[in-house]
Amino acid sequence: MEPTCKAKWWCIVHQCSSDSRKNVSLYPFMRGVRFFPFPTAKKDPYMRQLWTQLVRRGDNWDGPKKHHRVCSRHFKDGEPSPQNPAPTIFPWTPAQTIFPKIDFRARDSKKLYGGKASLEFPFPQDACL
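Sequence positions in the sequence shown follow this note's numbering and run 86 to 214.
Pasting the structure below:
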């Protein structure tokens with residue numbers, strides 16, 4: 086029998102259906118899914134802002150709260166890691182083909198674009214317009 090999770094978490098990413106309350110036998114994609122809090126504004130404001138932009142919650146969203154989480158399905162390594170600290174796998178990006186080119190060193194060098202994290206999304210050369 087699968088252990089039950091006492092915490093009730095769900096993924097804040099737009100169009101993601103990950104929810105810790107889902108029964109793994111009915112939703113096998115939930116096996117091993119973990120939930121990660123946003124970086125704090127005090128410890129890492131650059132990464133928090135970057136995560137906020139990446140999850141695409143819309144203009145009406147006033148930012149992440151203490152209970153908001155991103156699930157492990159959105160991280161290349163299954164969790165935030167030094168090589169891949171931000172979520173990059175989303176329903177709107179084809180997995181394995183388009184990942185944002187993010188300069189993670191920018192937070193150290195204070196290379197911010199207008200006070201905001203700047204992202205460059207590669208566009209495939211053979212894509213139709």
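Ideal Cβ placement from N, Cα and C applies to all residues, glycine included.
Computed from a predicted model, the values in this text were never measured in an experiment.
For residue j and residue i, the rounded distance between their alpha carbons
{"i": "ASP129", "j": "TRP136", "result": "11 Å"}
{"i": "ASP144", "j": "TRP177", "result": "17 Å"}
{"i": "CYS156", "j": "THR125", "result": "17 Å"}
{"i": "GLN138", "j": "ASN169", "result": "16 Å"}
{"i": "ARG151", "j": "GLY117", "result": "Checking the displayed sequence, the identity of residue 151 turns out to be Lys instead of Arg. Distance between the alpha carbons of LYS151 and GLY117 is about 22 Å."}
{"i": "THR173", "j": "ASN108", "result": "26 Å"}
{"i": "TYR112", "j": "ARG119", "result": "14 Å"}
{"i": "HIS99", "j": "TRP146", "result": "11 Å"}
{"i": "SER110", "j": "ALA92", "result": "19 Å"}
{"i": "LYS161", "j": "CYS101", "result": "16 Å"}
{"i": "THR182", "j": "LYS127", "result": "Summary for THR182: the model assigns pLDDT 43, below 50, so the residue's position carries little reliability, and this model does not support an answer."}
Whether residue i touches residue j by CB criterion (8 Å)
{"i": "VAL94", "j": "ARG141", "result": "Reading off the sequence shown, one finds Trp at residue 94, where the question assumed Val. It is not a contact, given that the beta carbons lie outside the stated cut-off."}
{"i": "PHE103", "j": "ARG158", "result": "For the sequence presented, residue 103 should be read as Ser rather than Phe. Contact flag set, yes."}
Nearest neighbour of residue i, chosen from the options [CA to CA]
{"i": "PRO165", "options": "PRO122, SER110, PHE175", "result": "PRO122"}
{"i": "ILE97", "options": "GLY163, PHE114, GLY148, ASP162", "result": "GLY148"}
{"i": "MET115", "options": "PRO167, GLY163, MET132", "result": "GLY163"}
Residue i in three-state terms, based on DSSP
{"i": "ARG154", "result": "strand"}
{"i": "TRP94", "result": "coil"}
{"i": "PRO113", "result": "helix"}
{"i": "PRO149", "result": "coil"}
{"i": "PRO122", "result": "strand"}
{"i": "PRO185", "result": "With a pLDDT of only 46 at PRO185, under the threshold of 50, the placement of this residue in the model should not be trusted, and no figure is reported."}
{"i": "ARG141", "result": "coil"}
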